[in-house]
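J.: Got a structure here, written out as structure tokens. Questions coming.
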Amino acid sequence: MESYLLQSSVTLAGFYLLFRLLIIRENNQQMKRFMGLFIAIFCACFLVFPTPQLGSSQNFPLVMQGAIESASAIQSTLSYATEEKVSPWIIIYTAGVCIFSIRFLVGIFGIIQIYANSEVSKRWGFALVETEASISPFSFFNYLFIKKGDAKKSALDPIILHEQYHRDQLHSVDAMLLEILTILFWFNPFIWLLQRDIKASHEFLADDYVIRIKGFDKLAYQNLLFEERTGISFMSANYLSNQTSLKQRFNMMEKRKTHSKASFLRAGIVLCTTVLVTFMTSFSIPSPFRDNMPDIKLFTSTGEIDEKKGISKTTDKIYLRMIPEKDSKFKAYRLSQVKVTFVSDGVGLWTMEGKDVFDFGVKLSEVEGKCALVFEVKEYMTQNKKNQVEKVKLEKPFYLNATVY
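In our numbering, the protein residues as written are 66 to 470.
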């Protein structure tokens, strides 16, 4: 968990800086909105399903390797949950998630409470909620919340168009998604900054729609915004306020909207970077066995086994053993957490586990019919020349498989 949160946060920090460098100064607000959402979702999700690298065998299907790894990962999570102490960082993280979740739910409850205590009618394509509370007009999905009596004011027509644009462009979906991401990554300042920028684009887009598409006078619209302070929404705490200032919105109204080739080129650079990061993540995850561990081999009483050729059932017993390298500072290794799964026709028949052993032995006389043996190493122990012992836990289990014929 800590590794995932750290890597996702660092990735988000890098992409947000790229977003600020290439995208944020563009006046193409729709592009900024979608690129911001893409970056937030990508950084939250791309590490959830990393591409593993396994020790491969020509006699054992790669699909089965993936299935065994997935099953083993679930089993490991369940079995280790009660054995290991919970990290204090996880406790702090969970507390933060709970606090911000409560904040979010309080805001949602505030909206529900206003809806329940107000008059509701159909108008302008909305479910119009007229409340006694002194609020600025705001929309939440297809609900338009407005102060009672203001619906009769024709001067508010630009505000209604503004909120209709928010509804039609599904800006509430963006807001809910960003709220979930800020709950999950509450400790990362870059997710809050990205949320701020995307919400600003929402307001800039709606303002542009009212002025440039619908043709309302800019100065009159600005005066109305100043009076109504539109764009403030009920959400977390008592309100989840859209912090886009009127000054920012007024300044953006003075700029021309652009769709230059350079804008799309910058967006293309960001997209290509995400593809590159995904590619590097998928193919640069080295097997912990090859880089961080001594070699692991299968042996019989007469010598080493070539697992690629398979193992004859006439062999009485096989052993999984760690082999010290030449000139190693360690004189011995011990398998601390190891398991073997017997698989036949894609189904795991049964398993054996061993702890703190130099040789993990399996009697082949206990195997019926043709099957595959999948060895899983989770931990090992080193013993140096001073007989000092240290336990090493692998970040990802190492797998070795062989076919019994």
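Every residue gets a Cβ at the ideal spot worked out from N, C-alpha and C, and that includes glycine.
Which whole-angstrom value is the C-beta distance of L400 and A467, which I expect to be below 8 Å?
T.: Mapped onto the sequence shown, residue 400 falls at position 335. Mapped onto the sequence shown, residue 467 falls at position 402. About 16 Å; that fails the 8 Å criterion.
J.: Look at the alpha carbon of I200 and the alpha carbon of K212, and state the distance between them as a whole number of angstroms.
T.: Your numbering for residue 200 matches position 135 in the sequence shown. Your numbering for residue 212 matches position 147 in the sequence shown. Each residue's Cα considered, the two are about 6 Å apart.
J.: Nearest-angstrom Cα distance between A216 and L246?
T.: Counted from its first residue, the sequence shown places residue 216 at position 151. Counted from its first residue, the sequence shown places residue 246 at position 181. A direct Cα-to-Cα measurement between A216 and L246 gives close to 35 Å.
J.: With DSSP as the reference, label L82 as helix, strand or coil.
T.: Counted from its first residue, the sequence shown places residue 82 at position 17. DSSP places L82 in helix when its eight states are reduced to three.
J.: Which residue comes first and which comes last in the alpha helix (DSSP H) that contains F165?
T.: Taking the sequence shown and counting its residues from 1, one reaches residue 165 at position 100. 153-181 is the span of the alpha helix (DSSP H), which, as asked, contains F165.
J.: Look at the Cβ atom of I248, then the Cβ atom of F169, and state whether they are nearer than 8 Å.
T.: On the sequence shown, position 183 is the one that residue 248 refers to. On the sequence shown, position 104 is the one that residue 169 refers to. Against a cut-off of 8 Å, the Cβ pair of F169 and I248 comes out as a contact.
J.: With 8 Å set as the bound, which would you pick, yes or no: does the beta-carbon of D262 sit closer than that to a beta-carbon of chain C?
T.: In the structure shown, chain C does not exist; there is a single protein chain.
J.: Hey, could you find the ends of the beta strand (DSSP E) R386 is sitting in?
T.: As a working note, residue 386 is residue 321 in the sequence shown. 382-388 is the extent of the beta strand (DSSP E) around R386.
J.: Please state the DSSP three-state secondary structure of P462.
T.: Stepping through the sequence shown from its first residue, residue 462 is reached at position 397. Note: P462 maps to strand in three-state DSSP.
J.: Would you kindly work out how many angstroms separate the C-alpha atoms of I173 and K456, rounded to a whole number?
T.: The residue given as residue 173 occupies position 108 in the sequence shown. The residue given as residue 456 occupies position 391 in the sequence shown. One C-alpha to the other measures close to 48 Å.
J.: Would you kindly check if the distance between the Cβ of V185 and the Cβ of V194 is under 8 Å?
T.: Here residue 194 refers to the residue found at position 129 when the sequence shown is read from its first residue. Here residue 185 refers to the residue found at position 120 when the sequence shown is read from its first residue. Result yes, Cβ atoms of V194 and V185 sit closer than 8 Å.
J.: Starting from the C-beta of K97, find all residues in its chain whose C-beta is less than 8 Å away, skip the five residues before and the five after it, and write them out in chain order.
T.: Taking the sequence shown and counting its residues from 1, one reaches residue 97 at position 32. Same-chain partners within the cutoff: I88, I89, E91, D262, I263, S266.
J.: Considering D215, what are the terminal residues of the alpha helix (DSSP H) in which it resides?
T.: Here the question's residue 215 lines up with position 150 in the sequence shown. D215 -> no alpha helix (DSSP H), and no H or E assigned at all.
J.: How would you call T159, buried or exposed, if buried means at least 16 neighbouring beta carbons within 10 angstroms?
T.: Here residue 159 is taken as the residue at index 94 of the sequence shown, counted from 1. So T159 counts as exposed.
J.: According to the Cβ coordinates, are Y208 and F191 closer than 8 Å?
T.: Here the question's residue 208 lines up with position 143 in the sequence shown. Here the question's residue 191 lines up with position 126 in the sequence shown. The answer is yes: Cβ separation under 8 Å.
J.: Exposed or buried, L385, counting other C-beta atoms within 10 Å across all chains shown (16 or more means buried)?
T.: The residue you call residue 385 lines up with position 320 of the sequence shown. It counts as buried.
J.: Report the CB separation of E228 from P202 in whole angstroms; it is logged as a contact under 8 Å.
T.: Translated into positions along the sequence shown, residue 228 becomes position 163. Translated into positions along the sequence shown, residue 202 becomes position 137. That pair is a contact at about 6 Å.
J.: Is the beta carbon of Q95 sitting closer than 8 Å to the one on L270?
T.: On the sequence shown, residue 95 is found 30 positions in, with the first residue counted as 1. On the sequence shown, residue 270 is found 205 positions in, with the first residue counted as 1. For Q95 and L270, yes; Cβs fall inside 8 Å.
J.: So who's on the other strand from R188, going by DSSP bridges?
T.: To locate residue 188, count along the sequence shown from 1; it is residue 123. Bridge partners of R188: F191.
J.: At what residues does the beta strand (DSSP E) containing T17 begin and finish?
T.: Because the chain here runs from 66 to 470, residue 17 falls outside it and cannot be looked at.
J.: Between the Cα of T339 and the Cα atoms of Y69, I104, A78, which residue gives the shortest distance?
T.: Indexing the sequence shown from 1 puts residue 339 at position 274. Comparing Cα positions, the closest option is I104.
J.: Label N182 either buried or exposed according to how many other C-beta atoms from any shown protein chain fall within 10 Å of its C-beta, with 16 as the threshold for buried.
T.: Stepping through the sequence shown from its first residue, residue 182 is reached at position 117. Per the 10 Å Cβ criterion, exposed.
J.: Identify the continuous beta strand (DSSP E) that holds D360 and give its terminal residues.
T.: Taking the sequence shown and counting its residues from 1, the one referred to as residue 360 is at position 295. Unbroken beta strand (DSSP E) run through D360: 360-365.
J.: Could you pull out every residue in the same chain whose Cβ sits closer than 6 Å to the Cβ of E244, ignoring the five residues on either side in sequence?
T.: Within the sequence shown, residue 244 is the residue found at index 179, counting from 1. So the list reads F169, once near-sequence residues are dropped.
J.: Roughly how many angstroms separate the alpha carbons of L77 and S166, rounded to a whole number?
T.: Taking the sequence shown and counting its residues from 1, one reaches residue 77 at position 12. Taking the sequence shown and counting its residues from 1, one reaches residue 166 at position 101. Taking the straight line from one Cα to the other gives about 21 Å.
J.: According to DSSP, is A265 part of a helix, a strand, or is it coil?
T.: Here the question's residue 265 lines up with position 200 in the sequence shown. Residue state, collapsed to three classes: helix.
J.: Per DSSP, Y208 is paired with what?
T.: If you number the sequence shown from 1, residue 208 lands on position 143. In the DSSP output, where bridge partners are listed per residue, Y208 has A192, F205.
J.: Measuring alpha carbon to alpha carbon, tell me which of I157, N452, W257, F205 ends up nearest G175.
T.: Position 110 of the sequence shown, counted from the first residue, corresponds to residue 175. Nearest C-alpha to G175: F205.
J.: Determine which residues share a DSSP beta bridge with T468 and list them.
T.: For the purposes of this step, residue 468 is taken as residue 403 along the sequence shown, with counting starting at 1. T468 pairs with A437.
J.: What's the C-alpha gap between E292 and E460?
T.: Working through the sequence shown from its first residue, we reach residue 292 at position 227. Working through the sequence shown from its first residue, we reach residue 460 at position 395. For E292 and E460, the distance between alpha carbons rounds to 58 Å.
J.: Ignore the nearest five residues each way along the sequence and tell me which others in Y230's own chain have a CB closer than 6 Å to its CB.
T.: The count along the sequence shown starts at 1 and reaches residue 230 at position 165. Cβ within range, chain order: A271, Y274.
J.: Is the distance from the Cβ of L289 to the Cβ of I224 below 8 Å?
T.: The residue given as residue 289 occupies position 224 in the sequence shown. The residue given as residue 224 occupies position 159 in the sequence shown. In contact: L289 and I224 (Cβ atoms closer than 8 Å).
J.: How big is the Cα-Cα spacing for E319 and I156?
T.: Residue mapping note: residue 319 aligns to position 254 of the sequence shown, counting from 1. Residue mapping note: residue 156 aligns to position 91 of the sequence shown, counting from 1. Spanning the two alpha carbons is a distance of roughly 48 Å.
J.: Could you check what DSSP says for V457 in three-state terms: helix, strand or coil?
T.: In the sequence shown, counting from the first residue as 1, residue 457 sits at position 392. Correct three-state label for V457: strand.
J.: Between Y464, S377, N316, K428, which has its C-alpha nearest V403's C-alpha?
T.: The residue given as residue 403 occupies position 338 in the sequence shown. Of the listed residues, the one whose Cα sits closest to V403 is Y464.
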